[in-house]
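Colleague:
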Amino acid sequence: MPDGTPALHVYGKSGIMKQSDRDTLRQNAVLWVLSRSEGIGKKRLNRLVSTLGRASVSLNDAVGMKTLELAERVPGLEPQALAALRHCGAKEIREAETLLLSLPGDICAVTLFSPLAPLRWKTMLREEAPPFLFLKGNASLLDRPACAVVGRREANDEEAGQAYRCGELIAEAGFVLVSGGAAGIDRAGHNGALDAGRSTIVCLPQGISTYALSPDWQKALEEGRLLLISEYLPFVGWSTPAALARNAYIAAQAWLVCVVAPRLQGGSIATARHALKQGKPALISATMPLPADVAAEARPLSLLPEYLKILQESGERLRPSGWLDLGEDQA
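The structure is reproduced here in structure tokens:
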């Protein structure tokens with residue numbers, strides 16, 4: 002089990018699950034059932050958990066309360082959330098517990114409501130944060146400052162070389178690299194960081210068990226220099242909606258985003274938009290005119306060394322929520 006990652010299946014020496022572990026497992030199972038309930042998306046589920054928290058009511062307690070008692074104890078519950086809680090039955094909870102306990106031994110699940118979940122995801126994504134994350138590798142990488150390198154799959158040698166160099170620079174500056182796992186720019190950036198002896202986070206739009214690692218990446222995983230992260234069960238396949246959602250997660254984890262040879266539409270431009278919306282720099286090297294909204298705020302990729310130096314020297318001025326408090330004339 003990766004360091005810093007809370008397991009859902011922690012047993013005592015006797016082989017009997019502790020009561021605290023049972024309570025955690027049940028609460029995670031309730032959350033899983035709710036996340037699959039009709040009419041409950043990420044936003045509504047996040048609001049539900051926040052509303053319950055303000056009333057000091059756990060998910061376990063909420064499921065066991067009668068409707069009137071719950072409505073009185075927790076004012077402000079949305080009707081859809083209340084209905085979902087009412088339909089969260091014992092059978093569904095048991096099935097979810099079995100599902101979570103049956104994860105492959107090298108993959109574990111955490112919720113964004115856990116104190117060990119990535120702070121940047123909770124802070125930057127807020128109601129868009131996924132309720133569950135599945136991890137394989139060194140989870141402590143999520144706590145380290147990171148920079149992203151993203152771009153298109155169909156990269157030529159020059160573009161891939163540029164992404165590789167970005168990965169090297171980010172690694173040499175002491176930062177973790179975060180990106181997707183697609184061919185082209187994403188992998189070139191990861192390779193630059195890994196070849197420099199540093200670490201990377203691969204954010205996947207599919208289940209972890211469906212993603213094949215190269216021998217070099219497998220070695221990095223075993224050395225604690227690579228983390229795979231996904232919001233999907235291990236054997237779920239790739240999908241377009243998942244890829245779109247993943248772009249926001251990459252931006253949330255990163256302090257800045259490097260975009261190499263983006264298309265006018267697609268995931269890399271979407272990641273740049275997410276970064277800018279989150280108040281972070283988007284440094285872009287483009288082979289075609291950028292969309293007007295992105296072009297108005299983006300900076301040239303050639304400024305990456307200067308931005309990395311600012312990050313290195315900023316120290317306590319780095320805000321947990323994202324970029325640092327700098328004047329317009331800096332960088």
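Residue 13 in the numbering used here is what sits at position 12 of the sequence shown, and the numbering runs on without skipping anything.
Every residue, glycine too, gets a C-beta built ideally from N, C-alpha and C.
Would the beta-carbon of Gly-168 be found less than 7 Å away from any heavy atom of the ligand ADP?
Modeller: Absence of the ligand ADP from the depicted structure is noted, as is the absence of any ligand whatsoever, leaving it without description.
Colleague: By how many angstroms is the C-alpha of Thr-68 removed from the C-alpha of Gly-175?
Modeller: 52 Å
Colleague: Taking a contact to mean a Cβ-Cβ separation below 8 Å, would you say Arg-121 touches Ser-269 in this structure?
Modeller: no
Colleague: Can the beta-carbon of Ala-287 be found closer than 8 Å to that of Pro-306?
Modeller: Contact flag unset, no.
Colleague: Please give me, in chain order, every unbroken run of the alpha helix (DSSP H) with length at least 4 that falls completely inside the segment 170–218.
Modeller: 186–196
Colleague: I'd like the span of the alpha helix (DSSP H) that includes Ser-51, first residue to last.
Modeller: 43–55
Colleague: Gln-313: buried (16+ other C-beta within 10 angstroms of its C-beta) or exposed?
Modeller: exposed
Colleague: Can you say whether Arg-335 is buried or exposed, counting buried as having 16 or more other CB atoms within 10 angstroms of its CB?
Modeller: As displayed, the chain neither begins before 2 nor continues past 332, which places residue 335 out of reach and without an answer.
Colleague: DSSP on Leu-71, reduced to helix/strand/coil?
Modeller: helix
Colleague: Just list the residues that DSSP pairs Lys-123 with in beta bridges.
Modeller: DSSP, once it has assigned bridges, lists no residue as partnering Lys-123.
Colleague: With distances taken Cα to Cα, identify the nearest neighbour of Asp-62 among Lys-43, Gly-42, Lys-44 and Asn-29.
Modeller: Asn-29
Colleague: Comparing C-alpha positions only, which one of Leu-304, Gln-266, Lys-281 and Leu-302 sits nearest to Ala-293?
Modeller: Gln-266
Colleague: Enumerate, from N- to C-terminal direction, the unbroken alpha helix (DSSP H) stretches of 4 or more residues contained entirely within the segment 84–146.
Modeller: 91–102 and 120–126
Colleague: Taking Tyr-212 as the reference, give the member of Arg-247, Pro-235 and Tyr-308 with the closest Cα.
Modeller: Pro-235
Colleague: Rounded to the nearest angstrom, what separates Arg-188 and Gly-182 at their Cα positions?
Modeller: 6 Å
Colleague: Based on the DSSP secondary-structure assignment, which residues constitute the bridge partners of Cys-148?
Modeller: Leu-178
Colleague: If you reduce the DSSP assignment to three classes, tell me which class Val-237 lands in.
Modeller: coil
Colleague: Using a threshold of 8 Å, state whether the C-beta atoms of Ile-343 and Phe-135 are closer than that.
Modeller: Nothing can be reported for residue 343: it is not among the residues displayed for the chain, which extend from 2 to 332.
Colleague: Can you give me the Cβ contacts of Leu-32 inside the same chain, cut-off strictly under 7 Å, excluding the 5 residues immediately before and after it?
Modeller: Leu-60, Thr-112 and Pro-132
Colleague: By the three-class DSSP mapping on this structure, what secondary structure does Ser-286 have?
Modeller: strand
Colleague: Going by Cα to Cα distance, which pick from Asn-248, Phe-114 and Ala-297 is closest to Ala-276?
Modeller: Asn-248
Colleague: Counting along the chain, where does the alpha helix (DSSP H) carrying Leu-60 start and finish?
Modeller: Taken as a continuous stretch (DSSP letters only), the alpha helix (DSSP H) holding Leu-60 covers 60–65.
Colleague: Which of the three DSSP states, helix, strand or coil, is assigned to Arg-274?
Modeller: helix
Colleague: Check this for me: beta carbons of Cys-259 and Ala-184, under 8 Å apart or not?
Modeller: No, the pair does not count as a contact, with Cβ atoms beyond the cut-off.
Colleague: Which value, in whole angstroms, describes the spacing of the CA atoms of Gly-106 and Lys-137?
Modeller: 10 Å
Colleague: How far does the beta strand (DSSP E) with Ser-38 in it reach, from first residue to last?
Modeller: Ser-38 -> no beta strand (DSSP E), and no H or E assigned at all.
Colleague: Between Lys-123, Glu-160 and Gln-81, which has its C-alpha nearest Phe-186's C-alpha?
Modeller: Looking at the sequence itself, residue 186 is Ile, so the reference to Phe does not match. Considering only alpha carbons, the answer is Glu-160.
Colleague: With a CB to CB cut of under 7 Å and the five nearest residues on each side skipped, what residues in its chain are close to Gln-207?
Modeller: Ser-231, Tyr-233, Val-237, Gly-238, Trp-239 and Ala-243
Colleague: Whose C-alpha, out of Leu-178, Leu-309 and Leu-222, is nearest the C-alpha of Ile-251?
Modeller: Leu-178
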